[in-house]
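K.L.:
Following my numbering from start to finish, the sequence shown increments by one per residue and tops out at 153.
Ideal Cβ placement from N, Cα and C applies to all residues, glycine included.
A quick note: this is a predicted structure, and the numbers were derived from the prediction, not measured.
Take a look at this one; I'll ask things after.
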Amino acid sequence: MRNEKSCGAVVFYEQDGHRTYLMEHMIQGHTAMCKGHVEGTENEHETAAREIMEETGIHVSFLPGFRETTAYSPREGVRKEVVYFLAKAESVQTAPQPEEVTSIAFMSYSESLKALTYADDRQILQKAEAYLNTHPELY
15 MRNEKSCGAV VFYEQDGHRT YLMEHMIQGH TAMCKGHVEG TENEHETAAR
65 EIMEETGIHV SFLPGFRETT AYSPREGVRK EVVYFLAKAE SVQTAPQPEE
115 VTSIAFMSYS ESLKALTYAD DRQILQKAEA YLNTHPELY
């Protein structure tokens with residue numbers, strides 16, 4: 015079995031007490047949070063920041079203390095681990111990467127839960143929302 019690793023983040027933006035989450039509709043047809051493969055000697059945060067910037071054009075700052083993982087098999091003989099952090103977007107101005115992303119939107123929590131294609135992603139988002147609700151001092 016071959017192992018792969020990707021890193022990304024639950025990206026949020028808060029203004030006037032309203033929190034929204036960054037959702038990407040991918041060319042493959044699913045809606046997900048930003049993530050991508052580790053390259054070279056990158057650490058997990060470097061990979062996540064690069065992927066977010068490449069896919070969305072957004073700069074982020076990571077919140078401490080949130081790291082969640084999920085794993086799945088994208089095809090036979092491959093096991094993929096995905097590490098998600100929690101990151102605050104510095105703006106809502108996006109520039110989708112046309113090779114991978116068809117559209118990007120900041121959505122409310124409930125809209126994001128409905129939009130996400132995979133149950134594992136919904137669980138990560140639920141954990142991020144709970145973390146933000148219990149740690150408002152971090153952002």
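1. Would the beta-carbon of residue 23 fall within 8 Å of that of residue 62?
2. Judging by CA-CA distance, which residue of 80, 144, 122 is the nearest neighbour of residue 33?
3. Is there contact between the stretch 127-134 and the stretch 50-62, where contact requires at least three CB pairs shorter than 8 Å?
4. If distances are taken between C-alpha atoms only, which option among 147, 17, 139 comes closest to residue 36?
5. Applying the criterion that 16 or more other CB atoms from any shown protein chain within 10 Å of the CB defines a buried residue, is residue 87 buried or exposed?
6. Comparing alpha-carbon positions, which option in 44, 96, 49 lies nearest residue 18?
P.N.:
Here's the rundown:
1. The residue given as residue 23 occupies position 9 in the sequence shown. The residue given as residue 62 occupies position 48 in the sequence shown. Remark: C-beta atoms of residue 23 and residue 62 approach each other more closely than 8 Å.
2. The residue given as residue 33 occupies position 19 in the sequence shown. The residue with the shortest Cα to Cα distance from residue 33 is 122.
3. Judged by Cβ distances under 8 Å, the stretch 127-134 makes no contact with the stretch 50-62, as fewer than three pairs qualify.
4. Stepping through the sequence shown from its first residue, residue 36 is reached at position 22. When C-alpha distances from residue 36 are compared across 147, 17, 139, the shortest belongs to 139.
5. To locate residue 87, count along the sequence shown from 1; it is residue 73. Burial call: exposed.
6. Locating residue 18 in the sequence shown gives position 4, counting from the first residue. Among 44, 96, 49, the Cα nearest to that of residue 18 belongs to 96.
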